[in-house]
DNA sequence: TCAATCCGTATC
DNA sequence: ATACGGATTGAC
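Numbering (the numbering used here), first residue to last: 18 to 679.
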């Protein structure tokens, strides 16, 4: 038996991010298997660790400490996940220990002791290409997955599509080929949907669903079932990107533009990037899907790594709803209902028609706080434009800007409240509740339901109703929505974020895809400026065109994914120290520093707000990405090694390809 | 002469 | 991080 155990110790220090060798005492020889959890003495302290490997001898010149304890002989860390975790740590300039904390859930001893549940019934294999037939190259992709080839695709789902069914069919194809599959979706509601589709496609007991809200025991039970090979298919939210599926043959990420796919814990890995890396490392198939297409997805196509999986234009056209843009609002004044609902009259008319046909209407409202509208400071009535009754807002430009109409653009100088004659304005946030009330008043006899942050609906019946919701919380409607109204589109587009247009379009496509086809009467009305590329892409239902544009724009601006970027955030001293210690690649370009606010946007800045932190951006060509990460990792290591020498005033953190920049 | 303290260094 | 050792400083 090999007497040496190579151990990854759980210490938070970048310069200790490497394996350490320990002697395996005779009594632990059988238990200290690769992948198991151990306790070891590390510089005198007891710390947790994982056995990465057993070896005949150590390279280490000094004497080895013995393993203190084998926590459990369960080999929780597979070789594949260990290798992936190392690669992810390297990619994000982070430590293996940080990634392992995300990848391996805390142990539940009682769960490990439970008897092994026998695997589910082997496939009855009702394999069919099903709706994949509609995609160019769809059946071929499916065949490739079954045959165990490393087929990779960026998939643009046909509007109205039950995407879960395609995902389930692909997973079934993978399992039929004798390999495992992993599906990662943004939220628990999507997990439930895919879970149901997998149940239908695979039969009982062949897959598990992993979500954060399961509770530790349940979660660990299912996770262990995956690790032990009891099941070979997993659907879950972002933490399951590291799920230890054995003989992995397929990874799937749905709606990769959703921010929920970005892990908020160090080293801040992104589901799409991790799954792409994972598939690449082991030659597994990969499917990156959504109704929209991200610039990152487009980059996977542009590099040739993945192939596009989309339906022919005529299929898309006949499946898509008819999209109209509501901007000009001359008609508004003549329509009291429109006025009451704060909606342009084309939107009201479209909703009326759908409701008259006993179809549900979806109303998408940007999240609370996204829409800076103004109200009377005294009586709180919302402030309206005197000519068109559109909502007044402040243009980006601070509180001193003159309020203007969001619809007709007219400046509201000398505004007075029509109710109480006050001349004082205040900013208010309009959320789903308030919007639902206002719209309800415009349609007195129609039931109104809401779906948002508190209380998300999964589905609504196919009857006349108004469904008001925030992006991402749209219920599916039986038979599809007769109309979808996309409110305040300008607000989504105007956000000072580089990804605003892509994100807005993603939200619109996701909602509009729930409408009936145009031939079946499905209509979409978006309140935004016609001719803006994102709006144009929705009208023409062309996600690929938008993504191509987006990627070209990013290339021009030199932003990810066209380049690789790192943000260094911390105290000015910390950032300077980190930069000074980093041997950056020649292509590196420095941007900044800029002051950053660390507190989240809330009810105003705290009294005496001080300049807390600053941020520098470093960008390099994509080819220099690994070198950039390595340089920053080395600098962090040196920084950490000095540690106490430099004061705590010199702190700084590194993030690669951060989601929010701009 | 001894001890309290401060750096600097190593962590299998 | 945290623990240890060797040098440094201060007080008896």
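The C-beta atom is built at its ideal place from N, Cα and C for all residues, glycine as well.
For residue i, the residue or residues it bridges with in DSSP
| i | result |
| --- | --- |
| residue 596 | For residue 596, which the question treats as bridged, DSSP gives no partner whatsoever. |
| residue 393 | 442 |
| residue 324 | 170 |
| residue 253 | 201 and 227 |
| residue 584 | 634 and 672 |
| residue 341 | 542 |
| residue 89 | 54 |
| residue 422 | 409 |
| residue 37 | 24 |
| residue 68 | 24 |
| residue 532 | 498 |
| residue 486 | 381 and 468 |
| residue 279 | 287 |
| residue 606 | 636 |
Cα-Cα separation between residue i and residue j, rounded to whole angstroms
| i | j | result |
| --- | --- | --- |
| residue 450 | residue 467 | 7 Å |
| residue 644 | residue 178 | 42 Å |
| residue 603 | residue 672 | 20 Å |
| residue 207 | residue 400 | 38 Å |
| residue 186 | residue 265 | 16 Å |
| residue 617 | residue 338 | Note that residue 617 scores 36 on pLDDT, short of 50, meaning its location in the model is unreliable; the coordinates nonetheless yield the value given after this. The alpha-carbon atoms of residue 617 and residue 338 are separated by roughly 38 Å. |
| residue 315 | residue 561 | 8 Å |
| residue 402 | residue 107 | 54 Å |
| residue 236 | residue 580 | 37 Å |
| residue 347 | residue 461 | Low local confidence applies: a pLDDT of 45 at residue 347 is under 50, so the model's placement there is unreliable, and no value is given. |
| residue 304 | residue 171 | 6 Å |
| residue 328 | residue 66 | 49 Å |
| residue 490 | residue 429 | 34 Å |
| residue 331 | residue 275 | 28 Å |
| residue 634 | residue 593 | 12 Å |
| residue 241 | residue 105 | 22 Å |
| residue 378 | residue 464 | 11 Å |
| residue 103 | residue 123 | 19 Å |
| residue 472 | residue 272 | 22 Å |
| residue 342 | residue 158 | 36 Å |
| residue 323 | residue 243 | 27 Å |
Beta-carbon spacing of residue i, residue j below 8 Å
| i | j | result |
| --- | --- | --- |
| residue 203 | residue 287 | no |
| residue 587 | residue 539 | no |
| residue 613 | residue 632 | yes |
| residue 302 | residue 169 | yes |
| residue 584 | residue 31 | no |
| residue 225 | residue 194 | no |
| residue 595 | residue 636 | no |
| residue 541 | residue 503 | yes |
| residue 50 | residue 86 | no |
| residue 48 | residue 90 | yes |
| residue 176 | residue 494 | no |
| residue 69 | residue 110 | no |
| residue 578 | residue 313 | yes |
| residue 545 | residue 515 | no |
| residue 606 | residue 648 | no |
| residue 154 | residue 318 | no |
| residue 12 | residue 382 | Here the chain covers residues 18 to 679 and nothing more, so residue 12 does not appear. |
| residue 262 | residue 218 | no |
| residue 83 | residue 52 | no |
| residue 181 | residue 210 | yes |
| residue 295 | residue 270 | no |
| residue 64 | residue 116 | no |
Sequence-distant residues of its chain with Cβ nearer than 8 Å to residue i (five each side left out)
| i | result |
| --- | --- |
| residue 681 | Given that the chain is displayed from residue 18 to residue 679, the structure contains no residue 681 and the question cannot be resolved. |
| residue 245 | 133 |
| residue 620 | Its pLDDT being 32, under 50, residue 620 is placed unreliably by the model, and the measurement read from it follows with that caveat. Cβ neighbours of residue 620 beyond the five flanking positions: none. |
| residue 435 | 398 and 401 |
| residue 166 | 302 |
| residue 24 | 36, 37, 38, 39, 55, 57, 66, 67, 68, 69 and 84 |
Close Cβ partners of residue i (< 7 Å) along its chain, the five nearest in sequence each way excluded
| i | result |
| --- | --- |
| residue 282 | 119 |
| residue 258 | 201, 288, 291 and 292 |
| residue 205 | 228, 230 and 254 |
| residue 374 | 499 and 538 |
Beta-carbon contacts of residue i that lie in its chain and below 6 Å, excluding the five residues immediately before and after
| i | result |
| --- | --- |
| residue 507 | 545 |
Residue i CB to nearest heavy atom of the ligand COA below 7 Å
| i | result |
| --- | --- |
| residue 439 | No copy of the ligand COA occurs in the structure displayed, which carries no ligand at all. |
Three or more C-beta pairs below 8 Å linking the segment 250-267 and the segment 197-207: yes
Three Cβ pairs or more, each shorter than 8 Å: is that satisfied between the segment 432-447 and the segment 473-490? no
Report yes or no: do three or more beta-carbon pairs, one from the segment 307-326 and one from the segment 515-526, lie closer than 8 Å? yes
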